[in-house]
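Student: Going by UniProt numbering, the first residue of the sequence shown is number 1, and it counts up by one from there.
Ideal Cβ placement from N, Cα and C applies to all residues, glycine included.
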Amino acid sequence: MQITRTDTGQKILFRGLDDGLKITSISVDKGVLCWVWIEEAYEITNEDDFNKLDLSIRGEVPEGYFKQITLTFNPWSATSWLKARFFDTPDEDTFVKTTTWQCNEWLDESDRNIFLKMQKNNPRRYRIEGEGEWGIAEGLIYTNVVCEDFNVDEIRAIPGIKSAFNLDFGFTDPNAFVCEMVDNAAMRIYIFDEWYQTGVTNKIIAEQIKKMGYGGQKIICDNAEPKSIAELQDEGIKAEPSRKGKDSVNHGIQLIQNYQIVVHPHCVEFKKEIDNYCWGKDKDGKLTDKPDHEFSHGMDSMRYGVTKLLLPDAFSFD
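Dropping the structure here:
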């Protein structure tokens, strides 16, 4: 997609950055590329992809022009390469500015109320989205996490590897479909595909699972939604409930904490969640043994599959 100003020939090109190599060949018939704006830059989990884009903005520019890359994003995690590169060790060619919703003159009252409610009901998220502070997760549940590009077919070929396809239901919260492989010998969990979406019916969920190529797989689903599981089955999905029990959440977390979690770079939503998935706090601000609901959707989905794969059928959480 592109927009062209007819009197000057200047163009605005719109591209995705799901693959950094696709950007390196970008060109224009007249003039040179000099300005780039990356919205939601936090979703670039691989710094090498950014470097490829940076190097593609080359060539001599006319007098009075300059080369510039602008990145806009919410600072979800202090572990992001964006913080290390542009905030912790900026060079003289880097300009950094933090803005908040209070700087936005175009918000109406309903927009502002969203942030005011977030400030009251979800202060941790407000600190990031409302105040522009870097997400430093106190009480982080999973700490042995890396974001790493890997070949899914090569991992799948490892002897003894097991795959799981899992779904946490939502509506106002996102439905979270997470695909993983577990290497029990190396104690690694590989997250290789995801789909997050709010406000969709179970029919649409079934269509999406089939579209992604997993229609023939067994899907482990939130056991609290038997009606939704039945509807998926009616749509031809091999849906079945996850393991039940009053302590199933904590037992599952403890099991997963023994593994290294390797997240594929294109699983952006999952990475955002796992970087912010923390133990909840009580009214005095002390950590509890219950996970905070925020950022829990993909985490629950992952847990459904891991416990199904690694615990014997005779095991009971009760």
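(1) With a threshold of 16 other CB atoms inside 10 Å of the CB of E138, please say whether the residue is buried or exposed.
(2) Alpha carbon to alpha carbon, what distance is there between I155 and E231?
(3) If the criterion is Cβ atoms closer than 9 Å, does the pair S228 and R303 meet it?
(4) Report the CB separation of S77 from N276 in whole angstroms; it is logged as a contact under 8 Å.
(5) On the DSSP letters alone, give me the boundaries of the beta strand (DSSP E) that M181 sits inside.
(6) Look up V28 in the DSSP assignment and give the residues it is bridged to.
(7) Since C221 contacts A239 with CB under 8 Å, what's their CB separation in whole angstroms?
(8) Which residues in the same chain as F315 place their Cβ atom closer than 7 Å to its Cβ, once the five residues preceding and following it in sequence are excluded?
(9) Would you be able to state if there are at least three C-beta pairs under 8 Å between the stretch 22–41 and the stretch 70–84?
(10) Does the Cβ of M181 have 16 or more other Cβ atoms within 10 Å, making it buried, or fewer, making it exposed?
(11) Taking the CB atoms as reference points, tell me whether R15 and I26 lie closer together than 9 Å.
(12) State the Cα-Cα distance for the pair F86 and P226, rounded to the nearest angstrom.
(13) Using a C-beta cutoff of 9 Å, does N144 count as contacting chain D?
(14) Take T187 and list the residues in its own chain whose beta-carbon comes closer than 7 Å to its own, dropping the five residues that flank it on each side.
(15) If you follow the beta strand (DSSP E) that R112 is part of, which residue opens it and which one closes it?
(16) If you drop the 5 nearest sequence neighbours on each side, which residues of the same chain put their C-beta closer than 7 Å to that of P174?
(17) Kindly list the residues whose CB is nearer than 6 Å to the CB of T307, restricted to its own chain and excluding five residues on each side of it in sequence; keep chain order.
(18) What did DSSP end up calling P241 once you bin it into helix, strand or coil?
(19) List, from N- to C-terminal side, the alpha helix (DSSP H) runs of 4 residues or more that fit wholly inside the stretch 262–287.
(20) According to DSSP, R188 sits in a beta bridge with which residue or residues?
(21) Using the Cα positions of P62 and N113, report the straight-line distance between them to the nearest angstrom.
(22) Let me check understanding here. Comparing Cα to Cα, which of G236, A224, A185 and Y190 lies closest to K210?
Tutor: On the basis of the data shown:
(1) Against the sequence shown, residue 138 aligns to sequence position 138. Exposed, since its Cβ has fewer than 16 Cβ neighbours within 10 Å.
(2) Residue numbering aside, residue 231 sits at position 231 when the sequence shown is read from its first letter. Residue numbering aside, residue 155 sits at position 155 when the sequence shown is read from its first letter. Going by the C-alpha atoms only, they are around 32 Å apart.
(3) The sequence position of residue 228 within the sequence shown is 228, counting from 1. The sequence position of residue 303 within the sequence shown is 303, counting from 1. No. Outside cutoff.
(4) Sequence index remark: in the sequence shown, residue 77 carries index 77 (1-based). Sequence index remark: in the sequence shown, residue 276 carries index 276 (1-based). Cβ atoms of S77 and N276 come within 8 Å of each other, at about 7 Å.
(5) Start at 1 with the first residue of the sequence shown, and residue 181 comes out as number 181. DSSP places M181 in the uninterrupted beta strand (DSSP E) bounded by N175 to D183.
(6) On the sequence shown, residue 28 is found 28 positions in, with the first residue counted as 1. Partner(s): none; V28 has no beta bridge.
(7) As a first step, residue 221 is located in the sequence shown; it is residue number 221 there, counting from the start. As a first step, residue 239 is located in the sequence shown; it is residue number 239 there, counting from the start. Indeed they touch by this definition, with Cβ atoms about 5 Å apart.
(8) As a first step, residue 315 must be located in the sequence shown, where it is residue number 315. With a pLDDT of only 44 at F315, under the threshold of 50, the placement of this residue in the model should not be trusted; the figure read from the coordinates follows. Excluding sequence neighbours, F315 sits near nothing in its chain.
(9) Look at the beta carbons and you see the stretch 70–84 touching the stretch 22–41: at least three pairs across the two are nearer than 8 Å.
(10) For this step, residue 181 is matched to residue 181 along the sequence shown. M181 comes out buried.
(11) If you number the sequence shown from 1, residue 15 lands on position 15. If you number the sequence shown from 1, residue 26 lands on position 26. In contact: R15 and I26 (Cβ atoms closer than 9 Å).
(12) Along the sequence shown, one-based indexing puts residue 86 at 86. Along the sequence shown, one-based indexing puts residue 226 at 226. Spanning the two alpha carbons is a distance of roughly 48 Å.
(13) Here there is only one protein chain, and chain D is not present.
(14) For the purposes of this step, residue 187 is taken as residue 187 along the sequence shown, with counting starting at 1. The sequence given here has Met at residue 187, not Thr. Contacts found: N258, Y259 and Q260.
(15) Counted from its first residue, the sequence shown places residue 112 at position 112. No beta strand (DSSP E) holds R112; the alpha helix (DSSP H) holding it covers E109 to N121.
(16) Here residue 174 corresponds to residue number 174 of the sequence shown, with the count starting at 1. Hits under 7 Å: Y196, Q197, T198 and H297.
(17) Taking the first residue of the sequence shown as 1, we reach residue 307 at position 307. Cβ neighbours of T307 within its own chain (closer than 6 Å, five residues either side excluded): R243 and G252.
(18) The residue you call residue 241 lines up with position 241 of the sequence shown. Strand.
(19) For the stretch 262–287, whole alpha helix (DSSP H) runs of length 4 or above, ordered along the chain, are 268–274.
(20) Working through the sequence shown from its first residue, we reach residue 188 at position 188. Note: R188 sits in a beta bridge opposite D183 and Q260.
(21) As a position in the sequence shown, residue 62 is number 62, starting the count at 1. As a position in the sequence shown, residue 113 is number 113, starting the count at 1. Using only the alpha carbons, I get a separation of about 46 Å.
(22) By 1-based counting over the sequence shown, the position of residue 210 is 210. Per the Cα distances, G236.
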